[in-house]
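Contents: one structure, followed by commentary.
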Amino acid sequence: YAGLFIDEIAIGRMFKPDKHSNFYSAKAGFKLSNYPLQNFSFTAEYTRTNPLAYRHYVPTITFESNRFNLGHYLKDNAKEFYFAIESRPIRSLNIHLSYTHAQKGPDYTIPGADRLGLPFMETVEWENKTLALKARYEAINDGFVFAEFLFRDITGVESYTPQFWYGRTNTLSLGVNLGF
1439 YAGLFIDEIA
1449 IGRMFKPDKH
1459 SNFYSAKAGF
1469 KLSNYPLQNF
1479 SFTAEYTRTN
1489 PLAYRHYVPT
1499 ITFESNRFNL
1509 GHYLKDNAKE
1519 FYFAIESRPI
1529 RSLNIHLSYT
1539 HAQKGPDYTI
1549 PGADRLGLPF
1559 METVEWENKT
1569 LALKARYEAI
1579 NDGFVFAEFL
1589 FRDITGVESY
1599 TPQFWYGRTN
1609 TLSLGVNLGF
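With the sequence shown counted from 1, adding 1438 to any position gets you the numbering used here.
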């Protein structure tokens, strides 16, 4: 599967590093289920968002609603790798292991600044490495119990992350879910 969002691409200067205006975001991934192992699935995804892909120089055309970005959660100038393995060892039990590596480059949102030739991920301003393990069991029809453990290592600009998740943190979640 793949997705592509294009705000602007100028064919004439597409390959000129100092003059390009390739404002796009792309996601590509695949999921392989029940091969080569039964009751296992493997997922891999890559997301790349160039600088200013979701932010237009005319504010009313910016890809957002009520100042909330409608594109990718990392917004502009970012990339993310996601890998997951999912298993159903017995009926009603789902075990999910995933790894996410997200990076965000400099923010180029200064009003009136030049929009041409902005480099992709020139430096890494923020980074998130998350390892997650989740188990979910359907105890009754549409009634689930779950447990999830997250290990996060978040570094860089502190304004992108709530203080209690910044740095190396562990999160344990337990819950009951009815009707979903």
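Backbone N, C-alpha and C define an ideal beta-carbon position, used for all residues, glycine too.
What three-state label does DSSP hand residue i in the structure shown?
{"i": "Glu1596", "result": "helix"}
{"i": "Arg1606", "result": "strand"}
{"i": "Thr1481", "result": "strand"}
{"i": "Arg1451", "result": "helix"}
{"i": "Ile1383", "result": "Residue numbering for the chain in the displayed model covers 1439 to 1618; residue 1383 lies beyond these limits and cannot be assessed."}
{"i": "Gln1698", "result": "With the chain covering 1439 to 1618 only, the question about residue 1698 has no answer from this structure."}
{"i": "Leu1556", "result": "coil"}
{"i": "Ala1585", "result": "strand"}
{"i": "Leu1442", "result": "strand"}
{"i": "Asp1456", "result": "coil"}
{"i": "Arg1486", "result": "strand"}
{"i": "Asp1591", "result": "strand"}
{"i": "Gly1617", "result": "coil"}
Excluding five sequence neighbours on each side, which residues of the same chain lie with their C-beta closer than 6 Å to the C-beta of residue i?
{"i": "Phe1584", "result": "Arg1574 and Gly1613"}
{"i": "Leu1535", "result": "Ile1523 and Leu1571"}
{"i": "Ser1459", "result": "Glu1446, Ala1448 and Leu1554"}
{"i": "Tyr1537", "result": "Phe1521 and Leu1569"}
{"i": "Phe1589", "result": "Leu1569 and Asn1608"}
{"i": "Glu1576", "result": "Ser1530 and Phe1582"}
{"i": "Ile1444", "result": "Tyr1462"}
{"i": "Gly1594", "result": "Glu1563, Trp1564 and Glu1565"}
{"i": "Ile1533", "result": "Ser1525 and Ala1573"}
{"i": "Lys1622", "result": "Coverage of the chain is limited to positions 1439 through 1618, which leaves residue 1622 absent and any answer about it impossible."}
Which residues mark the beginning and the end of the beta strand (DSSP E) in which residue i is found?
{"i": "Tyr1575", "result": "Trp1564 to Ile1578"}
{"i": "Phe1642", "result": "Since the first and last residues shown for the chain are 1439 and 1618, residue 1642 lies out of range."}
{"i": "Ala1522", "result": "Ala1516 to Ser1525"}
{"i": "Asn1532", "result": "Leu1531 to Lys1542"}
Hey, residue i and residue j are a contact pair by Cβ (cut 8 Å); roughly how many whole angstroms apart?
{"i": "Phe1478", "j": "Glu1524", "result": "7 Å"}
{"i": "Arg1553", "j": "Leu1512", "result": "Contact flag wrong, Cβ pair sits at about 19 Å."}
{"i": "Glu1518", "j": "Ala1482", "result": "That pair is no contact at about 12 Å."}
{"i": "Ala1581", "j": "Ile1592", "result": "Reading off the sequence, residue 1581 comes out as Gly, not Ala. No, Gly1581 and Ile1592 are not in contact; Cβ-Cβ is about 34 Å, not under 8 Å."}
{"i": "Asn1515", "j": "Gly1543", "result": "4 Å"}
For residue i, which residues from the same chain have a beta carbon less than 8 Å from its beta carbon, with the 5 sequence-adjacent residues on both sides left out?
{"i": "Ala1440", "result": "Ala1464, Lys1465, Ala1466 and Gly1467"}
{"i": "Asn1504", "result": "none"}
{"i": "Pro1455", "result": "Gly1555 and Pro1557"}
{"i": "Leu1616", "result": "Asp1580, Gly1581 and Phe1582"}
{"i": "Glu1596", "result": "Tyr1604"}
Would you mind working out which of the options sits nearest residue i, comparing C-alpha positions?
{"i": "Asp1545", "options": "Glu1560, Ala1577, Arg1590 and Arg1451", "result": "Glu1560"}
{"i": "Arg1486", "options": "Leu1442, Pro1497 and Tyr1495", "result": "Leu1442"}
{"i": "Tyr1495", "options": "Ala1516, Thr1547 and Leu1616", "result": "Thr1547"}
{"i": "Ala1551", "options": "Arg1493, Lys1567 and Tyr1473", "result": "Arg1493"}
{"i": "Pro1527", "options": "Gln1476, Lys1567, Ser1611 and Glu1596", "result": "Gln1476"}
{"i": "Asn1488", "options": "His1510, Pro1600, Thr1599 and Phe1602", "result": "His1510"}
Go through its chain and collect everything with a Cβ distance to residue i's Cβ below 7 Å, but skip five positions before and after it.
{"i": "Ser1508", "result": "According to the sequence provided, residue 1508 is Leu. The question's Ser does not apply to it. Hits under 7 Å: Phe1501 and Glu1502."}
{"i": "Ser1471", "result": "Ser1479"}
{"i": "Leu1610", "result": "Phe1587"}
{"i": "Trp1603", "result": "Arg1590 and Ile1592"}
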